[in-house]
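Peer 1:
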DNA sequence: CTTGACCTTCAAGGGACTCGAAGGTCTATG
DNA sequence: CATAGACCTTCGAGTCCCTTGAAGGTCAAG
């Protein structure tokens with residue numbers, strides 16, 4: 001099948017597939033006489049595998065290595081576990097950051113609403129200037 | 133003062149200041165005879181203002197507009213409130229996404245640990261292949 | 001006079017793609 | 001058989017927010 005159908009079956013964009021190929025994540029497929037990429041079931045399976053790993057927001061560098069082992073017949077279990085561990089920690093950190101940020105934004109909103117209620121004409125921006 | 137001192141007083145990198153200037157966020161400062169950028173207190177204050185808005189992870193496009201009003205004497209209160217509202221919603225959404233992702237990652241980790249405990253030699257990657 | 005710290009500009013890189021342009025191919029229909 | 005329209009190709013540039021590096025100029029202290 002050609003890239004469009006492979007893409008829709010793997011739930012990826014054709015542009016993403018071409019990008020993964022150019023980035024060395026997916027192997028270069030066979031070509032038809034006209035130069036069209038030609039994929040088989042295995043190719044689509046590999047795309048799905050990549051999509052699932054990307055859905056976990058693993059970096060492409062990790063996925064490339066995992067796919068390399070996978071396609072060379074070696075089980076990439078340990079790299080997968082390691083990548084998931086790293087990603088898990090990164091996600092925890094980012095959630096903590098965003099939680100702090102959300103509190104900060106909420107507090108700013110409340111203070112600005114308060115000021116607008118009390119002195120409708122006054123400027124509200126100085127609340128930004130308080131924090132160091 | 134020159135860019136280095138301004139940067140350390142505003143808690144920004146010199147490269148960031150140059151970038152903000154090139155991006156039209158900070159105004160171009162005066163120059164010494166040798167071509168060095170020369171900043172005064174107002175310049176540093178503006179840098180601090182920008183840093184605080186960036187610490188809220190507001191996009192530079194919003195900050196550029198806010199700074200434009202600010203430096204033209206107009207109070208940018210409403211744009212600031214709007215930008216903070218947008219950012220607040222974006223942060224809420226991202227936290228929700230990451231929370232789902234964290235649950236997914238935790239679940240994968242647990243299932244993989246379980247498999248490794250029970251069948252130490254078996255491949256663990258097929259847990260990735262279950263999800264659609 | 002030299003050393004070292006600071007400054008200048010410009011170009012490139014990172015991450016993970018998407019989009020557009022210019023052009024080739026395939027298929028169904030009139 | 002011609003042609004419309006859907007699909008494919010490559011390549012380059014754009015997104016976002018800076019950082020890093022190269023090549024070179026300036027300044028103060030020793």
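Residue numbers (my numbering), protein chains in the order written: chain A, 1 to 132; chain B, 133 to 264. Using N, Cα and C, we set each Cβ at its ideal position, and we do this for glycine too. Here the structure is a predicted model, which is why all the values come from computation and not from measurement.
#1: Between residue 190 of chain B and residue 219 of chain B, which are expected to be in contact by the criterion C-beta below 8 Å, what is the C-beta distance as a whole number of angstroms?
#2: Between residue 250 of chain B and chain A, is any beta-carbon pair separated by less than 9 Å?
#3: Under 9 Å, CB to CB, which of the residues in the region 156 to 188 of chain B have a partner in chain A?
#4: Taking C-alpha atoms, which residue in B:205, B:135, B:215 lies nearest to residue 185 of chain B?
#5: Within the continuous alpha helix (DSSP H) that includes residue 70 of chain A, where are the two ends?
#6: In chain B, which residues lie less than 8 Å from residue 102 of chain A when you measure between Cβ atoms?
#7: Taking 9 Å as the threshold (beta carbon to beta carbon), is residue 203 of chain B in contact with chain A?
#8: Does residue 264 of chain B pass the burial test, meaning 16 or more other C-beta atoms within 10 Å, or should it be called exposed?
#9: Measure the CB-CB distance between residue 76 of chain A and residue 257 of chain B and report whether it falls below 9 Å.
#10: Do residue 105 of chain A and residue 71 of chain A count as a contact pair if the criterion is CB distance below 9 Å?
#11: Pull up the CB-CB distance for residue 181 of chain B and residue 130 of chain A, whole angstroms please, since I reckon it's below 8 Å.
#12: Considering only residues of the same chain and omitting the five flanking positions on each side of residue 240 of chain B, which have a CB-CB separation below 7 Å?
#13: Helix, strand or coil, according to DSSP, for residue 31 of chain A in the structure here?
#14: Taking residue 146 of chain B as the reference, give the member of B:210, B:169, B:162, B:164 with the closest Cα.
#15: Starting from the C-beta of residue 196 of chain B, find all residues in its chain whose C-beta is less than 8 Å away, skip the five residues before and the five after it, and write them out in chain order.
#16: Mapping the DSSP letters down to three states, classify residue 94 of chain A as helix, strand or coil.
Peer 2: In this structure, then:
#1: Cβ atoms of residue 190 of chain B and residue 219 of chain B come within 8 Å of each other, at about 6 Å.
#2: Residue-level contact check: residue 250 of chain B does not touch chain A, since none of the beta carbons of chain A fall below 9 Å from its beta carbon.
#3: Along the region 156 to 188 of chain B, going in chain order, the ones with a CB nearer than 9 Å to a CB of chain A are 177, 180, 181, 184, 185, 187, 188.
#4: Closest by alpha carbon: B:215.
#5: Residue range 60 to 71 is occupied by the alpha helix (DSSP H) that includes residue 70 of chain A.
#6: Residues of chain B passing the Cβ test: 220, 223, 224, 227.
#7: Judged by the 9 Å Cβ criterion, residue 203 of chain B is not in contact with chain A.
#8: Residue 264 of chain B comes out exposed.
#9: Against a cut-off of 9 Å, the Cβ pair of residue 257 of chain B and residue 76 of chain A comes out as a contact.
#10: In this structure, residue 71 of chain A keeps its C-beta atom at 9 Å or more from the C-beta atom of residue 105 of chain A.
#11: Actually they do not touch by this definition, with Cβ atoms about 11 Å apart.
#12: These residues qualify, in order along the chain: 259.
#13: For residue 31 of chain A, the three-state secondary structure derived from DSSP is strand.
#14: Out of B:210, B:169, B:162, B:164, B:169 has the C-alpha closest to the C-alpha of residue 146 of chain B.
#15: Cβ contact annotation for residue 196 of chain B (same chain, cutoff 8 Å, sequence separation greater than five): 155, 156, 157, in chain order.
#16: Helix, per DSSP.
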